[in-house]
Amino acid sequence: MHTEKKIIELVSPYEMGEEKSYDFHPKKFEDYLGQEELKKKLWVYTQAAALRKEPLDHLLLFGPPGVGKTTLAQIMAHTMGVSLKICSGPTLERSGDLVAILSSLEPRDVLFIDEIHRMPITVEEMLYSAMEHFKVDVIIGQGAGAQSIHLPLSPFTLIGATTKAGMLSAPLRSRFGIIERIEYYTVQDLQLIVLQSCNYLGIKIPAESALTIAGCARGTPRIAKKIVRRIRDFIQVHDLADVTQEQVVQALTFFGIDKEGLTASDIRFLKEILVRFRGGPVGIETLAAILGEDKDTLEDIYEPFLMQKGYLEKTSRGRQIPPSIVPYLLSKILGQKSLVE
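First residue of the sequence shown? That's 93 in this note's numbering, and the numbers climb one at a time after it.
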C-alpha cells in the first residue's frame with residue numbers, strides 16, 4: 093500500500109484531470125524558462141501582430157535539437173489566439189500534401205514545419221508563392237487537357253524550424269521576415285527547468301540535486317526532462333521516500349550519465365581516439381567503421397557537444413583531441429596517463 097500511494101503522488105497531475113502528458117509544456121512566455129532575450133523579441137512580434145489583427149511575419153527558428161523550437165511556436169500561436177498546425181519537412185512528400193494543409197488554414201493561423209530543410213524541392217518551390225502572395229498554382233487534369241488554376245489561401249504565418257540552417261536554400265531563407273537562433277541553455281536556466289518539471293511530476297527534489305541534473309543535460313531542456321523521468325523511475329522502483337543528492341548521483345551513475353553529461357557512447361568515442369589513435373587525428377569514416385555507427389550520426393549526435401565542451405576538434409587531417417585536454421581525459425576515462433606518453 094505504501095508503494096502504491098507513492099506512485100499516485102508522483103503522477104498526481106494526471107489524477108487531477110489534466111490532459112495526459114509526460115512533460116510540462118508551457119503555454120505562455122512567462123512559463124517558458126530561459127532564452128530571455130529571444131522571448132522579449134518574440135513577445136513584441138506576437139503582440140504587434142495581435143494588435144493589428146494581422147498574421148505574424150514568417151519566422152525561421154534554428155538551433156540544436158531539443159531546445160524548444162516547437163514549444164515556442166505553440167506559445168506564439170496561443171498568445172495570438174490562433175490555431176497551430178504542425179508537420180515536418182520529410183512528411184511533405186508531394187506538393188499536394190502541402191496544398192491540402194495550406195488550404196485548411198484559417199486567417200492568421202500558424203503553420204509550423206519542423207526540419208524544414210528536409211522538404212523535397214518541388215514542395216519547397218510551391219511554398220514560395222504561398223509565403224509571398226498567399227496563393228498556389230495547382231495543375232488540374234492531365235495531358236493536353238491539363239490546366240493551371242490559382243488557389244487563393246488565407247493569410248497565414250509559416251514558422252520553420254531547422255537544426256541545420258546552412259542546408260536551407262537561399263530562396264526559401266530570404267522569404268522569412270524574422271530569423272532567430274535558439275542557443276544552448278545555461279546550467280542555471282536548466283536548473284529551473286528541472287525544478288519546474290519535477291514539480292509538474294510531483295517529485296520533491298533539492299535545488300542542489302536539480303543543479304546536478306542540469307549539469308548533465310548538455311545545455312538542452314529535452315535531455316534535462318528525460319533525465320528527470322529516468323530518476324523518477326529509479327526512485328519509484330527502489331521505493332525511496334525523498335530524493336536526496338546522494339540518490340540523484342546514484343541514479344545518474346546507474347544510468348551511465350557522467351556529471352558533465354557524457355554518455356557511455358561519448359566516452360567510447362573519445363576512448364577510441366585516445367587509445368587506438370593516441371589522441372588523433374583520425375578520419376571520421378575510420379571512426380564510424382570502428383564504432384559501428386553511421387558517419388552522419390557521429391557528426392550530428394556526438395561531435396557538436398564534444399566540440400562545445402572542448403574535448404574534440406576538427407582538423408584538415410581528421411578529428412583529434414586537443415593536446416591540452418589529453419591528460420585530463422586520460423585521467424577521467426582511463427585513470428592513467430601512460431598511453432600517450
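Ideal Cβ positions, reconstructed from N, Cα and C, are used throughout, including at glycine.
How is residue i classed by DSSP in three states: helix, strand or coil?
i: residue 205; result: strand
i: residue 272; result: strand
i: residue 151; result: strand
i: residue 410; result: strand
i: residue 229; result: strand
i: residue 195; result: helix
i: residue 180; result: strand
Expressed to the nearest angstrom, what Euclidean distance is found between the alpha-carbon atoms of residue i and residue j?
i: residue 429; j: residue 251; result: Legend: pLDDT at residue 429 = 41, less than 50; position of this residue unreliable, no value from coordinates given.
i: residue 135; j: residue 322; result: 34 angstroms
i: residue 290; j: residue 298; result: 10 angstroms
i: residue 151; j: residue 422; result: 45 angstroms
i: residue 389; j: residue 226; result: 38 angstroms
i: residue 435; j: residue 353; result: The structure shown does not extend to residue 435, since the chain is modelled only from 93 to 433, so the question has no answer here.
i: residue 211; j: residue 158; result: 20 angstroms
i: residue 100; j: residue 293; result: At residue 100, the pLDDT of 28 sits below 50, so the modelled position is not reliable and the matter cannot be decided from this model.
i: residue 196; j: residue 243; result: 12 angstroms
i: residue 336; j: residue 259; result: 45 angstroms
i: residue 295; j: residue 367; result: 42 angstroms
i: residue 310; j: residue 419; result: 22 angstroms
i: residue 374; j: residue 275; result: 29 angstroms
i: residue 406; j: residue 348; result: 27 angstroms
Since residue i contacts residue j with CB under 8 angstroms, what's their CB separation in whole angstroms?
i: residue 304; j: residue 340; result: 6 angstroms
i: residue 360; j: residue 383; result: 7 angstroms
i: residue 363; j: residue 413; result: So it is not a contact: roughly 10 angstroms between Cβ atoms.
i: residue 190; j: residue 219; result: 7 angstroms
i: residue 206; j: residue 278; result: Not really, about 25 angstroms apart at Cβ, beyond 8 angstroms.
i: residue 398; j: residue 350; result: That pair is no contact at about 12 angstroms.
i: residue 281; j: residue 125; result: 6 angstroms
i: residue 172; j: residue 142; result: 5 angstroms
i: residue 261; j: residue 215; result: That pair is no contact at about 12 angstroms.
Excluding the five sequence neighbours on either side, which residues of its own chain have a C-beta within less than 6 angstroms of the C-beta of residue i, listed in chain order?
i: residue 154; result: 254, 257, 273
i: residue 201; result: 174, 175, 248
i: residue 285; result: 125, 313, 316
Can you list, in chain order, the residues of its chain with a C-beta nearer than 8 angstroms to that of residue i? Leave out the 5 residues immediately preceding and following it.
i: residue 386; result: 380
i: residue 221; result: 227, 228, 229
Can you give me the Cβ contacts of residue i inside the same chain, cut-off strictly under 7 angstroms, excluding the 5 residues immediately before and after it?
i: residue 326; result: 343, 346
i: residue 224; result: 267
So, does the CB of residue i fall closer than 9 angstroms to a CB anywhere in chain D?
i: residue 270; result: The structure shown contains no chain D; it holds only a single protein chain.
List, from N- to C-terminal side, the alpha helix (DSSP H) runs of 4 residues or more that fit wholly inside the stretch 243-305. If you keep only unbroken alpha helix (DSSP H) runs of at least 4 residues inside the stretch 243-305, you get 262-265, 279-293.
My parser needs the alpha helix (DSSP H) runs of 4 or more residues fully inside the stretch 341-426; what are they? Within the stretch 341-426, the complete alpha helix (DSSP H) runs of at least 4 residues are 356-363, 376-383, 395-400, 418-421.
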